[in-house]
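Convert by adding 16 to the 1-based position in the sequence shown; the result is the number in this note's numbering. Idealized CB from N, CA, C, for every residue including glycine. If you're wondering where the values come from, they're calculated on a predicted model, not measured in any experiment.
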Amino acid sequence: MSEWKVYKLEDIVSFSQGFQISTDQQYEVKEKDMDRFIRIVDYTNKDEKPRYIKKIDKRYWAYKDDVVMIRYGSNTAGKVVRGLSGYIANNMFKVNIIDNNILDKEFLYYFLSQERIYKYLKNSQSSSTMPAIKFSDLYKIDAYLPIIEQQRKVATFLNFINEKTQLNTQTNQTLEAIAQAIFKSWFVDFDPVRAKAQALSEGKSEREANLSAMAVISGKTIEDLSQTEYQELWEIADAFPSELVANEEFGEVPKGWGVMKIEDVINKIPTGKKYSQKTVEETGKVPVLDQGRSGLIGFHNDEAGVKASIEDPVIVFANHTCYMRLISYDFSTIQNVFAFKGNNCNIYWLYLATLGKQKFTEYKGHFPDFLIKDIIYPQKKLTDLFGNFVKSIFFQITYKNSQNETLAQTRDLLLPKLLSGEMEL
17 MSEWKVYKLE
27 DIVSFSQGFQ
37 ISTDQQYEVK
47 EKDMDRFIRI
57 VDYTNKDEKP
67 RYIKKIDKRY
77 WAYKDDVVMI
87 RYGSNTAGKV
97 VRGLSGYIAN
107 NMFKVNIIDN
117 NILDKEFLYY
127 FLSQERIYKY
137 LKNSQSSSTM
147 PAIKFSDLYK
157 IDAYLPIIEQ
167 QRKVATFLNF
177 INEKTQLNTQ
187 TNQTLEAIAQ
197 AIFKSWFVDF
207 DPVRAKAQAL
217 SEGKSEREAN
227 LSAMAVISGK
237 TIEDLSQTEY
247 QELWEIADAF
257 PSELVANEEF
267 GEVPKGWGVM
277 KIEDVINKIP
287 TGKKYSQKTV
297 EETGKVPVLD
307 QGRSGLIGFH
317 NDEAGVKASI
327 EDPVIVFANH
337 TCYMRLISYD
347 FSTIQNVFAF
357 KGNNCNIYWL
367 YLATLGKQKF
377 TEYKGHFPDF
387 LIKDIIYPQK
397 KLTDLFGNFV
407 KSIFFQITYK
417 NSQNETLAQT
427 RDLLLPKLLS
437 GEMEL
């Protein structure tokens, strides 16, 4: 600790507020004289469409690696963000380093991201209706800093954890996209059915039709299949019909398949005691799911409302936001988060068959509308075959999610120790 020095934040950083501009001067299409305009929602919702404004003074500009803090909002004030380049809105501000020989930007990001800093700022807010961060409160914070080389070493280690987490998240997105593509091929485009129908129309035998479907399902030639693959694919191909018939709603469907409402293929599960922001803890043994994109509002230490596991997962639907997730651990929920399993169908098939069926229109209850949506329903056997086919994909997703939780716990445990000098690398 001999190399560590204490500074008031006001001596090592300055703040620059973002730019205020009306929504009618924000555009979804970028013109030559425009640049990106960054709002709070751009950090909190990655699916938000970007906005653009006409170029203004560069003092309002933040680069991807700049440290930005959100100034307003009951759930956002005091949060530290980065990763986008553009003009920031006036409900945020950039944290500028006065002397780069004293303070490293990456170290600053992690220092301000500490839970103790967030709690201090949250408790210092004067208004409960419109919580806001005051620069005067920030300036009072003491920052314990090692020499710049040590700061960079700490930041590099913490960046490694974050990058590993991001890589896992990206891998999971790819894995789920693969599962969705397989589902689309089987149950939307009906590729195996079309392959069998085409083979039969060419005068080939039922066996040859099955082989054609197997090639479509696997993306391999029959010669490239192992004996185990051959047997599995034969059973799958044999379960598909070889004919499409007209359907008023969907145009055409495989012969023998039906159209059912979602409410007829699910079993709704009671979620037990409902929790809220006021009744959850920051840590605990049972996670509480909410309606936001992160899906987590906090924890409790009572009995879980819903039992779930990697072998027996549960689907949850957020009533107001329409977010859907496949959960493989015990959990509880807030109000308006519904849980369900399949009724005479495989859970992985059901998840992909219902995913995205209900779109968010406005902040209202969407679950009743979701339940009456129509979906194409094959025989149960085929949903089970599909579930077995993609199960390993979802197991990988679950493993990487678990790994991310461990990484987050490690980071949160080490962060205050590394930033205070209690632990050195």
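N- and C-terminal bounds of the beta strand (DSSP E) containing residue i
{"i": "glutamate 319", "result": "From DSSP, glutamate 319 is part of no beta strand (DSSP E); its letter is neither H nor E."}
{"i": "glutamine 41", "result": "Element bounds for glutamine 41: n/a, residue is neither H nor E."}
{"i": "serine 201", "result": "Note, serine 201: premise wrong, no beta strand (DSSP E); alpha helix (DSSP H) at 164-203."}
{"i": "alanine 159", "result": "158-161"}
{"i": "serine 30", "result": "29-33"}
{"i": "aspartate 51", "result": "50-54"}
{"i": "valine 334", "result": "Residue 334 is actually alanine in this sequence, not valine. Counting along the chain, the beta strand (DSSP E) containing alanine 334 begins and ends at 330-334."}
{"i": "proline 303", "result": "302-305"}
{"i": "isoleucine 86", "result": "83-86"}
{"i": "asparagine 106", "result": "From DSSP, asparagine 106 is part of no beta strand (DSSP E); its letter is neither H nor E."}
{"i": "arginine 309", "result": "Here arginine 309 belongs to no beta strand (DSSP E), and DSSP marks it neither H nor E."}
Buried versus exposed, by CB contacts within 10 Å (16 or more), residue i
{"i": "tryptophan 20", "result": "exposed"}
{"i": "isoleucine 238", "result": "exposed"}
{"i": "alanine 200", "result": "Contrary to the premise, residue 200 reads as lysine rather than alanine in this sequence. That one is exposed."}
{"i": "tyrosine 76", "result": "buried"}
{"i": "leucine 401", "result": "buried"}
{"i": "arginine 55", "result": "buried"}
{"i": "tyrosine 291", "result": "buried"}
{"i": "tyrosine 79", "result": "exposed"}
{"i": "leucine 429", "result": "exposed"}
{"i": "methionine 230", "result": "buried"}
{"i": "phenylalanine 266", "result": "exposed"}
CB contact flag (residue i, residue j, <8 Å)
{"i": "valine 96", "j": "phenylalanine 31", "result": "no"}
{"i": "arginine 98", "j": "aspartate 81", "result": "yes"}
{"i": "isoleucine 278", "j": "threonine 377", "result": "no"}
{"i": "phenylalanine 356", "j": "isoleucine 331", "result": "yes"}
{"i": "isoleucine 86", "j": "valine 269", "result": "no"}
{"i": "tyrosine 125", "j": "valine 83", "result": "yes"}
{"i": "glycine 288", "j": "serine 348", "result": "yes"}
{"i": "lysine 323", "j": "aspartate 346", "result": "yes"}
{"i": "glutamate 122", "j": "asparagine 61", "result": "no"}
{"i": "alanine 262", "j": "valine 406", "result": "no"}
{"i": "isoleucine 28", "j": "leucine 137", "result": "no"}
DSSP state of residue i mapped onto helix, strand, coil
{"i": "tryptophan 20", "result": "coil"}
{"i": "glutamine 351", "result": "coil"}
{"i": "alanine 93", "result": "coil"}
{"i": "glutamine 214", "result": "helix"}
{"i": "serine 101", "result": "coil"}
{"i": "tyrosine 125", "result": "helix"}
{"i": "lysine 138", "result": "helix"}
{"i": "glutamate 268", "result": "strand"}
{"i": "asparagine 226", "result": "helix"}
{"i": "glutamate 131", "result": "helix"}
{"i": "phenylalanine 376", "result": "coil"}
{"i": "leucine 154", "result": "helix"}
{"i": "arginine 67", "result": "strand"}
{"i": "lysine 277", "result": "strand"}
{"i": "valine 261", "result": "strand"}
{"i": "arginine 75", "result": "helix"}
{"i": "aspartate 390", "result": "strand"}
{"i": "leucine 25", "result": "helix"}
{"i": "isoleucine 326", "result": "coil"}
{"i": "lysine 111", "result": "For clarity, residue 111 is valine in the given sequence; the question names lysine instead. Valine 111 falls in the strand class under three-state DSSP."}
{"i": "tyrosine 291", "result": "strand"}
{"i": "glutamate 494", "result": "Because the chain in this structure spans residues 17 to 441, residue 494 falls outside the shown range and cannot be described."}
The alpha helix (DSSP H) enclosing residue i, as first and last residue numbers
{"i": "glycine 403", "result": "396-436"}
{"i": "glutamine 243", "result": "243-255"}
{"i": "aspartate 385", "result": "383-387"}
{"i": "leucine 366", "result": "363-370"}
Neighbour flag for residue i against chain B, beta carbons, 8 Å
{"i": "lysine 396", "result": "Here chain B cannot be found, since the structure has a single protein chain."}
Closest residue to residue i among the options (Cα-Cα distance)
{"i": "lysine 135", "options": "Ala355, Glu298 and Arg223", "result": "Glu298"}
{"i": "glycine 308", "options": "Tyr379, Ile278 and Gln36", "result": "Tyr379"}
{"i": "phenylalanine 383", "options": "Lys284, Gln214, Val22 and Ile233", "result": "Lys284"}
{"i": "lysine 180", "options": "Arg427, Tyr103 and Ile198", "result": "Arg427"}
{"i": "proline 432", "options": "Tyr160, Ile331 and Tyr367", "result": "Tyr160"}
{"i": "valine 296", "options": "Tyr246, Glu245, Ile350 and Thr414", "result": "Ile350"}
{"i": "isoleucine 69", "options": "Ala148, Asp49 and Ile86", "result": "Asp49"}
{"i": "isoleucine 388", "options": "Gln374, Leu398 and Gln395", "result": "Gln374"}
{"i": "isoleucine 72", "options": "Gly34, Leu260, Glu245 and Thr185", "result": "Gly34"}
{"i": "proline 329", "options": "Thr92, Ser344, His336 and Asp153", "result": "Ser344"}
{"i": "alanine 253", "options": "Ile233, Thr422 and Ser217", "result": "Ile233"}
{"i": "isoleucine 326", "options": "Thr337, Phe173 and Ile363", "result": "Ile363"}
{"i": "proline 257", "options": "Lys397, Lys138 and Phe266", "result": "Lys397"}
{"i": "isoleucine 114", "options": "Ser140, Lys24, Phe173 and Ala195", "result": "Lys24"}
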